[in-house]
Amino acid sequence: MSPAVEEVRELPGESPENTEQLEMADNHPKACNFVKDFLGWYPGHRRKRAIDVGCGPGYFTKDVLSKIYNQVDMIDACPEEIFTAWANTDGISTIGKIKDVKMQDFVFPKEYKYNAIYMRWCIGYLSEEEQITWLKKAKMALDNPKGTRYGRKSPPPSFIFVLDNVDERVKRDEAVYRNQKVESRVYYEALWLKAGLIS
Ligand SMILES: C[S@@+](CC[C@H](N)C(=O)[O-])C[C@H]1O[C@@H](n2cnc3c(N)ncnc32)[C@H](O)[C@@H]1O
Numbered sequence: 001m002s003p004a005v006e007e008v009r010e011l012p013g014e015s016p017e018n019t020e021q022l023e024m025a026d027n028h029p030k031a032c033n034f035v036k037d038f039l040g041w042y043p044g045h046r047r048k049r050a051i052d053v054g055c056g057p058g059y060f061t062k063d064v065l066s067k068i069y070n071q072v073d074m075i076d077a078c079p080e081e082i083f084t085a086w087a088n089t090d091g092i093s094t095i096g097k098i099k100d101v102k103m104q105d106f107v108f109p110k111e112y113k114y115n116a117i118y119m120r121w122c123i124g125y126l127s128e129e130e131q132i133t134w135l136k137k138a139k140m141a142l143d144n145p146k147g148t149r150y151g152r153k154s155p156p157p158s159f160i161f162v163l164d165n166v167d168e169r170v171k172r173d174e175a176v177y178r179n180q181k182v183e184s185r186v187y188y189e190a191l192w193l194k195a196g197l198i199s
């Protein structure tokens, strides 16, 4: 068990906030392993730069992304979360820019593109319309050859990744989770099509 998970487990009481953190702690190792396995099956993926969108306290970046990519940027709408993420990842050489900003307002860097844009338990805070607008913007920030059509059989070297359901929690699969809608894989495949990420 990672130190991050132990730290969250020590929280006392059963407030809604703590219950959410406990559930996230339970799911954290499973989600981390899923990403490690996924990247293992996908050697074509480049590992230069990634961004953790809605990074929260930064555990996902700390425990997985910072060990895989040469540079990981983090953004979150909440300044307190960004402060915690900064503290939790202090001293890790692969941490790049850290910024408190809503994903809807975020302007992607002009100087470089990303090989991966990760959103773990975050995209569900947006409406479907906002999600499509966000994905179209994010697509432009990916380091992929222009004009190429990507599909299941021709995956792009750089991608956008939603990790909402990999922990297999029923609650996350079907419900509204603290104002966050968690959708099915079918929903996200349709969304990816609408945003022009796959054809
Ligand atoms: C359930 S937490 C998940 C945190 C982190 N991704 C993780 O896996 O541990 C959701 C996070 O999304 C952030 N968030 C919510 N709406 C956002 C938005 N519009 N733009 C950026 N971050 C947002 C919240 O502040 C919170 O830190």
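With this note's numbering, the residue at position 1 of the sequence shown is 1, and numbering never jumps.
The beta carbon of each residue, even a glycine, is placed where N, CA and C say it ideally should be.
Run the proximity test for residue 143: is its beta-carbon closer than 6 Å to any non-hydrogen atom belonging to ligand 1? no
Quick check: is any heavy atom of ligand 1 less than 6 Å from the C-beta of residue 77? yes
Report buried or exposed for residue 193, applying the criterion of at least 16 other Cβ atoms within 10 angstroms of its Cβ. exposed
Does the beta-carbon of residue 120, which I'm using as the reference point, lie nearer than 6 Å to any heavy atom of ligand 1? yes
For residue 91, is the beta carbon positioned less than 6 Å from some heavy atom of ligand 1? no
Measure from the alpha carbon of residue 210 to the alpha carbon of each residue in 140, 185, 114 and 40, then state which is nearest. Nothing about residue 210 can be reported from this structure: the residues present for the chain run from 1 to 199 only.
Where do the ends of the beta strand (DSSP E) carrying residue 99 lie? 95 to 100
Would you kindly work out how many angstroms separate the C-alpha atoms of residue 76 and residue 40, rounded to a whole number? 28 Å
Classify residue 171 as helix, strand or coil using the three-state DSSP reduction. Confidence at residue 171 is low in this model, with a pLDDT of 48, below 50, so the placement of that residue is unreliable and no value is reported for it.
Where are the beta strand (DSSP E) runs, 3 residues long or more, that stay fully inside the region 102 to 177, in chain order? 116 to 120 and 159 to 163
Residue 108 beta carbon near ligand 1 (any heavy atom closer than 6 Å): no
Within the region 60 to 89, ranges of the beta strand (DSSP E) (whole runs, at least 3 residues): 71 to 76
Note down the Cα distance separating residue 172 from residue 87, rounded to an integer number of angstroms. Any reading at residue 172 must be qualified, since the residue scores a pLDDT of 47, below 50, and its modelled position is unreliable; the value itself is stated next. Answer to the nearest angstrom: the Cα atoms are 28 Å apart.
Any contact of the region 85 to 99 with the region 50 to 57, i.e. 3+ C-beta pairs under 8 Å? yes
Tell me whether residue 187, by its Cβ, gets closer than 6 Å to a heavy atom of ligand 1. no
Nearest-angstrom beta carbon gap, residue 46 and residue 143 [assumed within contact, 8 Å]: 7 Å
Extent of the continuous beta strand (DSSP E) run through residue 185: It is not in any beta strand (DSSP E) - residue 185 instead sits in the alpha helix (DSSP H) that spans 185 to 194.
Buried versus exposed call for residue 27 [16 or more other C-beta atoms within 10 Å across all chains shown]: buried
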